[in-house]
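Everything in the sequence shown is counted per the working numbering, starting at 220 for the first residue and increasing by one. Every residue, glycine too, gets a C-beta built ideally from N, C-alpha and C. The structure presented is a predicted model; accordingly, all values stated were derived computationally and were not measured.
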Amino acid sequence: MVFMEEDINYWDNSKYALCQYATRLLDKLRKMNEEVNRPIDIDEVIKAIYYAKKYHGSQMRQSGEPYYSHPLEVAYMISDYLYRTDIIVTSILHDTIEDTELTEKMIAYIFGKQVASQVEDLSRNKPHGKISSAEIMESLYRQKKYDTLIIKIFDRLHNIETLEAKSPEKAKKIIEETLKYSLILCEVVELPWLCDILYEKCYKHNIRLGVIKNNADIFTKLSQANYSH
């Protein structure tokens with residue numbers, strides 16, 4: 220795909236098409252901007268929404284919603300905990316390198332190297348091949364990139380919330396990764412309340428899927444992790 224010059228040199232708000240997901244996010248950010256010392260750059264967020272919608276295009280989630288609804292929801296959730304323009308923009312773009320023709324170089328040109336690097340860190344596509352979400356979380360933890368790790372955790376939260384729409388095989392993999400990695404990482408980034416939410420959702424879905432043979436083991440793991448913390 221040719222990176223059209225108009226995409227990067229002639230950006231203006233007239234290119235932006237409103238949708239219910241974008242409206243919900245922007246309404247929240249504008250309201251929060253009135254209450255904080257360092258407001259979000261709304262124009263940058265709108266630009267990120269434009270590129271997410273443009274490059275995700277007609278991609279759909281298994282729930283039947285447009286794919287771009289997912290990163291917009293991740294941005295909505297994370298704004299309560301990391302209220303920075305680069306974090307919101309990265310959240311909106313977090314699947315573009317992995318799932319679209321938007322590249323790290325293109326993102327760097329449009330949004331700067333920091334955002335591009337963060338989106339690349341969240342991509343499963345690496346020079347040596349595709350890695351798992353669990354490997355991404357491990358890598359971010361080892362490198363102490365905790366802000367980017369928080370984006371990944373909220374990405375996992377939204378995927379858990381929409382687990383009913385996924386195939387049993389995919390749902391099982393998500394539950395297993397969540398049980399193995401996400402709990403302790405929530406503690407590391409000081410969001411222990413999120414452990415409870417993730418594991419309660421794993422428990423409910425496990426009743427249907429039977430990933431963990433003894434369903435009570437899920438809460439046993441949760442209690443042990445909270446106690447050790």
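Opposing strand residues paired with residue i [DSSP bridges]
i	result
M279	P285
G348	K345
Rounded separation between residue i and residue j - CA only
i	j	result
I297	I370	7 Å
D340	C421	26 Å
K389	Y300	28 Å
V338	L248	21 Å
M219	D314	In this structure the chain extends from 220 to 448, so residue 219 is not present and cannot be described.
D415	N425	15 Å
8 Å Cβ cutoff met for residue i and residue j
i	j	result
T397	R361	no
I306	D246	no
T322	I316	yes
I259	Y287	no
Which listed residue (the options) has its alpha carbon closest to that of residue i
i	options	result
M356	E320, L237, C405	C405
M279	A390, T319, L402, Y422	T319
Y240	P387, I326, I311	I311
I268	E254, L244, S282	L244
A236	N252, I261, I265, K250	I265
Q333	K349, K364, G348	K364
Q281	S386, G331, Y400, D262	S386
L410	M325, Y328, F373	F373
L368	S401, G348, C238	S401
E419	V255, I394, K250	I394
Could you tell me whether the segment 372-383 touches the segment 274-293, using the rule of 3 or more Cβ pairs below 8 Å?
-> yes
Quick one: any contact between the segment 268-277 and the segment 339-347, if contact means 3 or more CB pairs under 8 Å?
-> no
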